[in-house]
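Participant: Which chain is which? The protein sequence lines are E and Y, in order. For the record, in the first sequence the residue sitting at position 15 is 14 according to numbering that gives the first Met the number 0, with numbers rising by one throughout. For the record, in the second sequence the residue sitting at position 261 is 260 according to numbering that gives the first Met the number 0, with numbers rising by one throughout.
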Amino acid sequence: MASEKHFDEVTGTHTTGHVWDGDLRELNKPLPKWWLYVLYVCILWSIAYWILYPAWPSLTDYSKGYLGYSQRAEVANDIAVAKAAQEKYRQGIANTALADIPKNPELMQFALAGGAALFGDNCSGCHGRGAQGSVGYPNLNDDDWMWGGALDNIHKTISFGIRNGNEQAHSTAMPRFGLDGALEPAVINDVASYVRSTGGLEADKDAATRGAAVFAEQCSVCHGEDGKGNQELGAPNLADSIWLYGNSQKDVVTSITTGRGGIMPAWDGRLDPVSVKMLTVYVHSLGGGK
Amino acid sequence: MQDKTKLTPDDFITEAAPGVARHDVQAVARRKATAATVAAVDAGPGKIALAGRQHVYPKKAKGRYRNIKSAILVLTLGIYYLLPWIRWDRGPGLPSQAFLLDFEHQRLYFGPIEIWAQEFYYITGLLVISALGLFLVTSVAGRVWCGYACPQTVWTDMMVAVERFWQGDRNVHMRRDAGPWTFDKIWRKAATHTSWILISLATGGAFVFYFRDAPTLATELMTGTAPSVAYAFLGIFAFTTYLLGGIAREQVCIYMCPWPRIQGAMLDRNSLLVSYRAAIGEPRGPHKRGDTWDNRGDCVDCKACVAVCPVGIDIRNGAQLECIQCALCIDACNEIMDKVGRPRGLIDYTTEHNLASATAGPRDGLKLLRARTLLYSGVIALICALMTWSLLSRSDLDISVLADRNPQFVTLSDGSVRNGYTIKIVNKTDEVRQVRIKVSGIKGIVTSMVGLDGADPVIEVPVADVRAVKLFVTLPRESRSELSSTSTPLDITVADTTTGVNSARRTSFHSP
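(1) Taking Cβ positions, are Y/Leu489 and Y/Val472 nearer each other than 8 Å?
(2) For Y/Phe119 and Y/Gly234, I'd like the C-alpha separation in whole angstroms.
(3) Using a Cβ-Cβ distance cut-off of 8 Å, determine whether E/Met263 contacts chain Y.
(4) Mind listing the chain Y neighbours of E/Gln131? Cutoff is C-beta to C-beta under 8 Å, in chain order.
(5) So which residues on chain Y does E/Asn140 lean against when the C-beta distance must stay under 8 Å?
(6) Going by other Cβ atoms of all chains shown within 10 Å of its Cβ, with 16 needed for buried, is E/Val251 buried or exposed?
(7) To the nearest angstrom, how far is it from the Cα of E/Ser240 to the Cα of Y/Val127?
(8) If we cut at 8 Å on Cβ distances, does E/Arg195 have a partner in chain C?
(9) Anyone know if the C-beta pair for E/Lys117 and E/Met263 falls short of 8 Å?
(10) Under 8 Å, Cβ to Cβ, is there at least one residue of chain Y near E/Arg128?
(11) Pick out whichever of Y/Cys252, Y/Asp313, Y/Leu76, Y/Phe206 has its Cα sitting closest to the Cα of Y/Phe238.
(12) Would you mind telling me which residues of chain Y sit closer than 7 Å to E/Leu178, beta carbon to beta carbon, in chain order?
(13) Given a cut-off of 8 Å, decide if Y/Gln96 and Y/Asp212 are closer than it, judged by their beta-carbon atoms.
(14) Using 8 Å as the cut-off, can you tell me whether the stretch 147 to 165 of chain Y makes contact with the stretch 267 to 277 of chain Y, which would need three or more C-beta pairs spanning the two stretches below that distance?
(15) Just the C-alpha distance for E/His154 and E/Val275, rounded to the nearest angstrom, thanks.
(16) Which residues in the same chain as Y/Gly296 place their Cβ atom closer than 7 Å to its Cβ, once the five residues preceding and following it in sequence are excluded?
(17) Since Y/Trp195 is in the alpha helix (DSSP H), which residue starts that stretch and which ends it?
(18) Measure the C-alpha to C-alpha separation of Y/Phe210 and Y/Pro257 and round it to an integer number of angstroms.
(19) Please report the straight-line C-alpha distance between E/Ile42 and Y/Tyr230, rounded to a whole angstrom.
(20) Can you check DSSP and say which residues form a bridge with Y/Trp165?
(21) Could you list the residues in the stretch 140 to 167 of chain E with a C-beta less than 7 Å from some C-beta on chain Y, going in chain order?
(22) Answer yes or no: does any C-beta atom of chain E fall closer than 8 Å to that of Y/Arg187?
(23) Which class does Y/Ala38 belong to by DSSP, given the choice of helix, strand or coil?
(24) Just checking my contact of Y/Arg288 with Y/Cys304 at CB under 8 Å: how many whole Å lie between their CB atoms?
(25) So the candidates are Y/Lys58, Y/Leu135, Y/Pro111; which of them puts its Cα closest to the Cα of Y/Leu367?
(26) Could you tell me whether any Cβ in chain E is nearer than 8 Å to the Cβ of Y/Arg52?
(27) Taking the Cβ atom as the reference point for each residue, do E/Ile161 and E/Gly177 lie within a distance shorter than 8 Å?
(28) Along the alpha helix (DSSP H) that carries Y/Asp495, what are the first and last residues, could you check?
(29) Using a Cβ-Cβ cut-off of 8 Å (strictly less than) and excluding sequence neighbours within five positions of Y/Gly110, which residues of its own chain qualify?
(30) Please report the distance separating the alpha-carbon of Y/Ala24 from that of Y/Ala306.
(31) Between which two residues does the alpha helix (DSSP H) carrying Y/Phe517 extend?
(32) Does the separation of the CB atoms of Y/Thr506 and Y/Val400 fall below 8 Å?
(33) Is the distance from the Cβ of Y/Val434 to the Cβ of Y/Ala494 below 8 Å?
(34) Name the DSSP beta bridge partners of E/Ala234, please?
(35) Assuming Y/Thr215 and Y/Arg276 make a contact with CB atoms under 8 Å, what is their CB distance in whole Å?
(36) Kindly say whether E/Pro235, judged by its beta-carbon, lies nearer than 8 Å to any beta-carbon of chain Y.
Next comes the structure, spelled out in structure tokens:
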């Protein structure tokens, strides 16, 4: 360690006096003075910063700074500017009938971009980021609609929702055939076999035949004699390849026993009318719109 | 002892040889280090050694390398200040500046070449070539970049020339600086700094012209209507030019720049470096008329090499971190050698290999083709070839295909499977283009596009713009036997309906 001062002839520099491994020394190369002055300038800069900008926290507040700068205010201002820039398009959407929005490329582009953002914020929690849905939450990309896939149908569903108590919501529900004792478990099993067969799936033929009679009696009122459903009542098409709650025998039996019946909130009131319109156009554009 | 204010040139110089002045100068770097270290050690252990700056008064050199440096100075600064003003007609609606970095519209214009944001890899290629070029010249001839072409060197050189113009060359300048603050001294200093500031403003001004149409921006700058970012960058560059080129100079090279530390890895025993050839120079000493040159070196210890050095070192101490290899000491020494009648080249570009030999000439056995230089040249040539090929073969119609990933596919009610793709069509021409999208690779597929009627619509892409189209590809249930796996290759081609120019991408069709 620091033992003796040493002068290095080659570099013309003193060493720090530290020695490692017997002969390894560290040159005491000087720092330029201006380097230190830069540090002092930085310190002065930070003091000026404390005075001009928000800097010090207190228990309940913080120092506001002489310039009164606030990042939050800046963001609020940016948002206001962006909103003002959007106003022209939002007005356009407000004044245009739903069916006419896709005919106006400018409005359509704005509606799709805005709709995608609104969907991500409000709908993706249940329907998924890509509107792909999951068991019990419909996939909005496909062409199978329980309550109708035309622009007006979608607009109504988004506005008022499903079975949520809202006066204008879709409110019809499927009976709980099993839980309420309307049908015996064995009968439900037969009906499930029949429903699976209408959807093109393999099922026990005898059970399906027995179930067909029960279906005609109990189910066809809503789902139709051919099982193709009724969008007025939100009764799904049972004869297609899409199964909201799964297509195994067990899944179908559970649906008949409990009645299922998902709930969707009403967005009218939570979102402004223009936003609902943009969402409608976006959902309609996903590929299954009628 | 004379009064400090009445120093004469004789106080600074004596004679090293007949007609050769001897400069009373010690290399700044060495003197500074020694003095400061002593101060630090005297201050006691644990104290930081601090070195005050010794002002370097570089004497004007004359000779071949000074001329080369001046030519490069005029050339590089000429390019820098004038390039934004060269015009280039690209047609209506497009900028008419030959060299423009249009960040606002995400376009870079280099004469006939136009680079869009998604082609920024060309810039990466340029930077890689620049870095490798730097490695190559360094392995061949040391810090050629530092000595001749680095902006820090070029601007410092100009600032020093301006300083000489107002305050005189080394001796006059030193004498005036050592003297009292007379009116003569004050106005000369003021003129120097004023000139520096004007040069700095011109430098910052030229910089912003690269980013916005120069004549327009010049008018805006004059009338105070330019974007605030233009003023900010003008200010930043003006300030740094004044500070780094005018004031800090060699301090930037010694303390701030990382390149001197990196370059050591690129040098070897065959690199040409500005060196004092001790084998023919030593032993050094003053030489009187009529004295023999036997048993002594050619160096008359006149210190002309130290006096011209812009970083204040003595090249005779060997390779040093501070040395930017500007070769001005070669000019200074050659001038002296001519006067004393000894051969030129006591200080010269030579290799470490030749320095070790007493008889070798400065460039004997020079090996330019070495593994190192061949490798750098080879990689540079390869990247240049790749970039040229890529530039020549790029199309003015380009597409990118983004397959929907969430969900990857959608099963429809009739059991068919649908995939969605976002196709971005880039039209780099200055005409509206009409294109068609063709999808192939799987038998039986049906296509449709959002907002467009029919299976094969004509799509218009605006001038120099990008248009995104949402494409749905549906495979009917009965055709699902065409699929061999859950991911089947699918080709998407966009073709111009009139010229037939096309661009194709391969993507995948996903299925359960």
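Glycine residues also receive a C-beta, built at the ideal position from the N, C-alpha and C atoms.
Facilitator: So, from the data block:
(1) yes
(2) 28 Å
(3) no
(4) Asn405, Pro406, Val409
(5) Pro406, Val409, Arg417, Gly419
(6) buried
(7) 56 Å
(8) Checking the listed chains, one finds no chain C in this structure; the protein chains it contains are E and Y.
(9) Note on residue identity: the sequence assigns Leu, not Lys, to residue 117 of chain E. No; because the gap between Cβ atoms is not below 8 Å, this pair is not in contact.
(10) yes
(11) Y/Phe206
(12) Correct list: empty, because the minimum Cβ distance to chain Y is about 29 Å.
(13) yes
(14) no
(15) 7 Å
(16) Ile279, Gly280, Glu281, Pro282, Arg283
(17) 182 to 208
(18) 28 Å
(19) 26 Å
(20) BP columns for Y/Trp165 are empty, so no partner.
(21) Asn140, Asp141, Asp142, Asp143
(22) no
(23) In this prediction, Y/Ala38 has a pLDDT of 49, which is less than 50 and means its spatial position is unreliable; nothing more can be read from the coordinates.
(24) 22 Å between Cβ atoms; not a contact.
(25) Y/Leu135
(26) yes
(27) no
(28) Y/Asp495 -> not in any alpha helix (DSSP H); beta strand (DSSP E) instead, spanning 486 to 495.
(29) Trp87, Ala97, Phe98
(30) In the sequence under discussion, the amino acid at residue 24 of chain Y is Val, which differs from the Ala named in the question. For Y/Val24 and Y/Ala306, the distance between alpha carbons rounds to 7 Å.
(31) No statement about residue 517 of chain Y is possible, as the shown extent of chain Y runs from 0 to 511 and does not include it.
(32) yes
(33) yes
(34) E/Asn229
(35) About 56 Å separates the two Cβ atoms, so there is no contact after all.
(36) no
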